[in-house]
Every structure is written in C-alpha cells, then in structure tokens.
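Enquirer: My questions all concern the structure below.
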Amino acid sequence: MDNILVINSPYVPSYFNAGHHLPIFEVGEYLRKNSKNIHVTCLDAGALIYTWKELGDYFYQNSYKMIAIMIDFDTSDNFERMLDYIKELTPKSKILVFGRLCKQIPEFFKKFNIDGIVTDGDFEFSVLQFWKYICGNINIPAGCSFYLNGEWVNGSKGKYLDVTEWVFPDLKEIPFECYSKLYLKDSNKFCGIPNKKELVIHVSRGCPINCKFCDVSEMQGTVDRRLSPDMLCEYIIENFTKYQFEYVSMYSAIFTLNKEWTIKFCELMQKKGLLIPWKCVTTIEHLSLDCIEKMAKANCIRISIGIENFFENEKILAFPEIKKNTIEKFEKIVEICKHLNVELNCFVMLGIPGISVEESMKTIEKLNKYNVRIRPTIYTPYYEMNSDMQLNELSKFNRQLLGKSFSYEEKLKLYNIIFGDVLKNKKVDKSLE
C-alpha cells in the first residue's frame, strides 16, 4: 500500500472562498477512484488548523511516495518552508505541484527542488498521470513537466475531463467547521453565510468569456462543462441532510450561462421539493428577469454578479463587450431581486487600466444607493506574471494590492474602499443569519 498526500501549505488567506479549496479533495478522491493499493490523505493546511509541528508529524511518520502540493497565490508565502520540511523529514517522497499559480507560470517552479509540475488539463487528471509515471506505468505523464536525469522534460498535452469522469470530494475530510469561522465578519460575507454550514458544489468548469483579469478560462478551458440538472439535484439530495448542511454554494464562473439548463435545474428542485437555500455567481448579461423568478422559486437566496465598473469607455481592451454593463440593465435586476427577496452581491473591480479613481468611486456611490452588498477587488493583470519574479512578487497578484502606476493619493482613495469604511453593505437577511 503506497501513501499519497495531497496538501496546500499553511497561509493566511487574502479572502476566503471554500470553492478555491475543493481541488485538494477532488484530486485526492480522483486518485482513490482511479488507482489501486493506495492510501490518500488530503489536508487543507490553509484552513488555519495545523502547526508546522503537526505537518512535520505527517511528513515524518507516513513515508509518502508522492506529495502533491496545491499552489495558489497565497500558498506561495510558505511554499519554500514546506519544501524544507518535506526534504528534511521525508526525502524519498516525490513532490508534484499543481494549482492556479504553477499552471500559469510553470517555468518559475523549475528552479525549485521538486519532481513535477502540472502544466495543462484538469488538475486531477494530470496528478494521476504523474502518479502513474513514478510508479513506472507510463513513460511520459500528460499535462506535466517532470525532472529527469538533471533536466526538465515537458510531457504531452493534458486533458479536460468530461463531466462523466468528474468525482465528488469525500465530504468527511473537509474541515467545514473551520471554513465557517472565516465567514463570521460582515466584510467576509460576500462568499459565505456566517454560522451556517455550507455545501460547496463544483457545478461547472470552463468559461467562454475569457476576460483578461480572470484566470478561469486559462485554468479550465473556454468550453463550459457542467453537471446535468439531474446529477446536481441527486448530489444535493444525497448529502445535504446526511451531513447537516444549511445552504448550498454553486461553484461556477457563470451559473446561468445556459438559460435552458438553469430553468430546468430550478424546476427540478421544485419538483423534488428541495426547499434548500442556495447561492450562485453570474453576469448581468446572463441574467434575465424570468430566470431570476425561476431561481427565486427554487429558493435561491443570493446572486452575485460581476459589475466590475459602470463605464462607457471603448478603450478598455481588457473587458469584452459582455462585461461593459449599463446602469439600466442593473436597475431592472435590482428591482426584481428586491421584489423576490433575493440578495444581490456585486463584484466591483478597482484600478482597471483606463478607468480613473473618480469613475471607480462613482460606481461605488451608485451601488450604495441601491443598498446591495459590494465586494471590491483590485484589477489583476495575470498576463504580466513571469518566471523571473520572486515568490513575494507573485503573491501580490492576489487582487488586493495596487501596482506602481497609482499615486499615493489615488491609492488612499481606492484602499479606503477595500480596507476602509467606505462601504455600508446591506446586512444578510435575518432569516439566513
């Protein structure tokens, strides 16, 4: 029996979204379902529940044949320290890195003393390929770069899994209680509901919009792949009561991308009598009034939409037409959401190239008038990342810190929106608290 560890390094999150942690458990379960004679341990060390001593115990006592480390922007903070522990306490373990950061700039990670990097395809597919490689079952792992005889070798192209090949995580090993605590402050409620146990479901992968400020298309492809309404409902039925969840978070870049799919799902929820609170993310362009009505009847309690900014500047190349929102469209959505008692959560992006600080302030002022929840982030040019940067430089691509192109006075105004007291958000409905 070979031991495998799937883990991320301890870190303080820039913000918390349980959906971003799902790959740890999806990869682990995929390995279990597609390999024999293995024991897989999944640890979310980013949930603020492990000391370095405890992680050292895991490394030293279990003789892992492979340790797969998920790398995100925040987890990079302690990546080198984790490598030191692993190399010292379990030197024979093969180390593979996967995740958002190393998939975007794999060349950067070739400078570290590791054995493989996931570079293409869905994470779980490529991690399994590397496992088969180190076991001697295949010669070239698809979707990976691997270190062989003193040099890095690029494997063949990875694979985006068909929905029928997806596996759901083992819910028993996810630290939900720790996740709930990270939603307690009002400023963190845009992702979760405090004091309520959240079931996060990876509903879809891929996005055809391909915005420059977003990495979903690069990570998951531009083709929308999603669970069928029947598969989604059955999963909710199977797990919601069994594990005492209190609401569902639909993890999908654009939940309502396919209107027909959305309506069918909502009608199926009603037909099966699933009066379960749930929330999702979408865009204004993919949110029709009749669709909102269907969603409300199916007990959707919150819709998050990517406003980014209300502007008419045609020079903004980073934004596709579909993201150039008008206030008129937004007002109609606000009206019907208030009528149907659905909370509206608005994503706003500050520091967009070509958008002045004053224009960003005006967007915030407009949204505050409608008493909607506002979640501000910083425009992040992922395309500027390169392999010559240092880890501390890469960690700044976490959507919270402004670049050098802003004056001190401009930074103060924008930071006051994110870290100050400018926002007066609507409280979550008391029935959800």
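Quick note: the sequence shown uses numbering that gives the first Met the number 0, first residue 0, plus one each step.
Built from N, CA and C at the ideal position, the CB exists for glycine as well.
From a predicted model like this one, the values you see are computed outputs, not experimental measurements.
Between the alpha carbons of Phe66 and Glu106, how many angstroms are there, rounded?
Expert: Position check: residue 66 holds Ile in this sequence, whereas Phe was assumed. Take the alpha-carbon of Ile66 and the one of Glu106: they are about 20 Å apart.
Enquirer: Tell me which residues share the same chain as Ile236 and place their Cβ nearer than 8 Å to its Cβ, disregarding the 5 neighbours each side in the sequence.
Expert: Lys271, Leu273
Enquirer: Return the chain-ordered list of same chain residues with a C-beta closer than 6 Å to the C-beta of Tyr14, the five sequence neighbours on each side being excluded.
Expert: none
Enquirer: Mind listing, in chain order, the continuous beta strand (DSSP E) runs of no fewer than 3 residues lying wholly within the stretch 247 to 287?
Expert: For the stretch 247 to 287, whole beta strand (DSSP E) runs of length 3 or above, ordered along the chain, are 277 to 281.
Enquirer: Given a cut-off of 7 Å on the beta-carbon distance, is the pair Cys143 and Phe122 in contact?
Expert: 7 Å or more divides the Cβ of Cys143 from the Cβ of Phe122.
Enquirer: Count the other CB atoms, across all protein chains shown, that sit within 10 Å of the CB of Asn370; report buried if there are 16 or more and exposed otherwise.
Expert: With a 10 Å radius around the Cβ and a threshold of 16 neighbouring Cβ atoms, Asn370 comes out exposed.
Enquirer: Given that a residue counts as buried once 16 or more other Cβ atoms are within 10 Å of its Cβ, and exposed if not, what is Asp161?
Expert: exposed
Enquirer: Could you give the distance in angstroms between the alpha-carbon of Glu172 and the alpha-carbon of Phe24?
Expert: 8 Å
Enquirer: Quick check on the burial criterion: 16 or more other C-beta atoms within 10 angstroms. Buried or exposed for Glu327?
Expert: exposed
Enquirer: Counting only the same chain and skipping the five closest in sequence on each side, list residues whose C-beta sits under 7 Å from that of Lys412.
Expert: Val356, Met360
Enquirer: Roughly how many angstroms separate the alpha carbons of Cys299 and Val39, rounded to a whole number?
Expert: 35 Å
Enquirer: I believe Glu358 touches Asn308 by the beta-carbon criterion, under 8 Å. Please report the beta-carbon distance rounded to the nearest angstrom.
Expert: 7 Å
Enquirer: CA-CA distance, Gly191 and His20?
Expert: 14 Å
Enquirer: Going by DSSP in three states, Ser303 sits in which element: helix, strand or coil?
Expert: strand
Enquirer: If you drop the 5 nearest sequence neighbours on each side, which residues of the same chain put their C-beta closer than 7 Å to that of Lys331?
Expert: Leu288
Enquirer: Name the DSSP beta bridge partners of Gly115, please?
Expert: Leu95, Phe145
Enquirer: Go ahead and pull the three-state DSSP assignment for Glu432.
Expert: With a pLDDT of only 46 at Glu432, under the threshold of 50, the placement of this residue in the model should not be trusted; the figure read from the coordinates follows. Of the three classes helix, strand and coil, the one that applies to Glu432 here is coil, per DSSP.
Enquirer: At 3 residues or longer, and completely inside the stretch 366 to 413: list those beta strand (DSSP E) runs for me, N to C.
Expert: 372 to 377
Enquirer: Just list the alpha helix (DSSP H) runs in the stretch 169 to 229, keeping only unbroken ones of 4 residues or longer that don't cross its boundaries, in chain order.
Expert: 175 to 180, 215 to 219, all fully within the stretch 169 to 229.
Enquirer: So Ile104 and Ser394 are supposed to be a Cβ contact under 8 Å. How far apart are they, rounded?
Expert: Not quite, the Cβ-Cβ distance comes to about 13 Å (not below 8 Å), so this is no contact.
Enquirer: Can you check which of these residues, Cys345, Gly353, Gly402, is closest to Leu422 by C-alpha distance?
Expert: Cys345
Enquirer: Using 8 Å as the Cβ pair cut-off and three pairs as the minimum, do the stretch 243 to 256 and the stretch 193 to 203 touch?
Expert: Yes: the two stretches touch, three or more of their Cβ pairs being nearer than 8 Å.
Enquirer: Excluding sequence positions up to five away, which residues of its chain have a Cβ less than 7 Å from the Cβ of Val333?
Expert: Leu343, Tyr369, Val371
Enquirer: What three-state label does DSSP hand Leu88 in the structure shown?
Expert: helix
Enquirer: Using only alpha-carbon positions, find the residue among Lys195, Lys184, Pro22, Leu390 that is nearest to Phe239.
Expert: Lys195
Enquirer: Hey, Pro168 and Leu183: beta-carbon distance below 7 Å or not?
Expert: no
Enquirer: Which two residues bound the contiguous beta strand (DSSP E) that contains Phe346?
Expert: 342 to 349
Enquirer: Report the partner residues of Trp151 according to the DSSP bridge assignment.
Expert: Tyr146
Enquirer: Around the C-beta of Pro90, are 16 or more other C-beta atoms found within 10 angstroms, so that it is buried, or is it exposed?
Expert: exposed
Enquirer: Could you tell me which residues DSSP pairs with His38 in its beta bridges?
Expert: Asn2
Enquirer: Is there contact between the stretch 206 to 217 and the stretch 228 to 235, where contact requires at least three CB pairs shorter than 8 Å?
Expert: By the Cβ criterion, the stretch 206 to 217 is not in contact with the stretch 228 to 235, since fewer than three pairs of Cβ atoms, one from each stretch, lie closer than 8 Å.
Enquirer: Measure the beta-carbon distance from Leu100 to Gly55 and round it to whole angstroms, keeping in mind my assumption that it falls under 8 Å.
Expert: In this structure, Leu100 and Gly55 do not form a Cβ contact; the two beta carbons are roughly 24 Å apart against a cut-off of 8 Å.
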